[in-house]
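Asks: Let me begin by handing over the structure; questions about it come next.
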Amino acid sequence: MFSQRYADGDMPWDSGITPPEIIDILAELSPGKALDLGCGTGTVIRDLLNQGWQADGIDFVPRAIELAAAKLADCPPDSYRLVCGDVTRLADLPELRRPYDLIIDIGCGHSIDKALNEAYAAGITNQLKPGGSFMLYASHPRPESTVGWTPMQLARLFNGKLDLFWEQRSYDAGLGVAASWYRWRKR
Ligand SMILES: C[S@@+](CC[C@H](N)C(=O)[O-])C[C@H]1O[C@@H](n2cnc3c(N)ncnc32)[C@H](O)[C@@H]1O
């Protein structure tokens with residue numbers, strides 16, 4: 018589905034703007050190493066690099082990785098890595114410069130196959146440094162779609178792995194559904 022949408026140029030999520038919730042956390046944290054899950058065309062990675070972070074991005078659509086590479090072409094090549102791979106199989110990707118101070122997921126994880134939820138959550142937990150943060154933007158479920166997590170489903174998924182300390186309700190205008198931002202921290 019995502020491959021076809023990139024092939025058709027049908028990417029309404031690709032605003033070219035890093036969300037204010039991410040700008041806020043970057044203002045709070047000292048630069049370190051970040052990983053963007055489902056990085057799309059690399060907008061967030063570019064802002065991370067501009068603020069002195071080392072940033073890696075992963076997306077399973079080769080066209081997204083190509084577009085991100087073009088967007089980052091004038092950035093120092095050793096400051097970022099773009100990896101074509103699956104966010105539910107992070108341990109299988111030797112290119113990732115783990116462990117990370119910050120992992121970001123804006124609208125990726127909520128569409129994975131629910132049977133892979135545990136692999137997704139365990140992968141993120143294992144790639145984070147102690148004290149590291151995970152920022153997630155995810156829509157709430159709609160009856161006619163398999164996309165989305167409720168806040169309660171996410172609380173259960175990360176229970177015993179990461180500590181939730183910030184949550185903010187939002188609205189996904191593209192999907193026409195409620196959504197939430199979450200920030201977890203690894204002890
Ligand atoms: C809604 S888009 C958001 C892209 C980007 N985060 C943004 O905000 O512009 C979701 C992205 O996640 C990618 N994606 C979805 N499932 C994935 C998976 N299992 N592994 C890697 N990438 C995935 C898609 O290819 C797509 O680029």
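Position in the sequence shown (from 1) plus 17 gives the number in my numbering.
Built from N, CA and C at the ideal position, the CB exists for glycine as well.
#1: DSSP three-state label for residue 112, please.
#2: Just reading off the beta strand (DSSP E) that residue 107 is part of, what are its end residues?
#3: Exposed or buried, what is residue 131 when buried is set at 16 or more other beta-carbons lying within 10 Å of its beta-carbon?
#4: Does the Cβ of residue 169 have 16 or more other Cβ atoms within 10 Å, making it buried, or fewer, making it exposed?
#5: What separation, rounded to the nearest whole angstrom, lies between the Cα atoms of residue 173 and residue 138?
#6: Is it the case that the CB of residue 193 approaches a heavy atom of ligand 1 more closely than 7 angstroms?
#7: Helix, strand or coil for residue 133, going by three-state DSSP, please let me know.
#8: So, under 8 angstroms CB-CB, residue 198 and residue 45 are touching, yes? Tell me the CB distance rounded to an integer number of Å.
#9: Taking residue 121 as part of the alpha helix (DSSP H), name the residues at either end of that continuous run.
#10: Excluding the five sequence neighbours on either side, which residues of its own chain have a C-beta within less than 8 angstroms of the C-beta of residue 42, listed in chain order?
#11: The beta strand (DSSP E) that contains residue 189, what's its start and end?
#12: Kindly indicate which residue of 191, 185, 96 and 103 has the alpha-carbon position closest to the one of residue 51.
#13: Does the region 54-61 come within contact of the region 84-94, defined as at least 3 CB pairs closer than 8 angstroms?
#14: Give me the Cα-Cα distance between residue 91 and residue 111, rounded to the nearest whole angstrom.
#15: In the DSSP assignment, the alpha helix (DSSP H) including residue 88 goes from what residue to what residue?
#16: Quick check: what's the CA-CA separation for residue 156 versus residue 188?
Replies: The relevant details are as follows:
#1: For residue 112, the secondary structure class from DSSP, reduced to helix, strand or coil, is coil.
#2: Segment: none, residue 107 is in no beta strand (DSSP E) and carries neither H nor E.
#3: Answer is exposed; the Cβ neighbour count stays below 16.
#4: The residue is exposed, with fewer than 16 neighbouring Cβ atoms inside 10 Å.
#5: Straight-line Cα distance between these residues: approximately 11 angstroms.
#6: Not one heavy atom of ligand 1 lies closer than 7 angstroms to the C-beta of residue 193.
#7: DSSP places residue 133 in helix when its eight states are reduced to three.
#8: Taking 8 angstroms as the upper bound for CB-CB distance, residue 198 and residue 45 are not in contact here, some 14 angstroms apart.
#9: According to the DSSP assignment, residue 121 belongs to no alpha helix (DSSP H) but to the beta strand (DSSP E) extending over 117-123.
#10: Same-chain partners within the cutoff: 119, 150, 152 and 200.
#11: Unbroken beta strand (DSSP E) run through residue 189: 180-189.
#12: For residue 51, the closest alpha carbon among the candidates 191, 185, 96 and 103 is that of 96.
#13: Segment contact: the region 54-61 against the region 84-94, three or more CB-CB distances shorter than 8 angstroms; contact assigned.
#14: Distance between the alpha carbons of residue 91 and residue 111: 25 angstroms.
#15: Counting along the chain, the alpha helix (DSSP H) containing residue 88 begins and ends at 79-88.
#16: When rounded, the distance between both Cα atoms is 8 angstroms.
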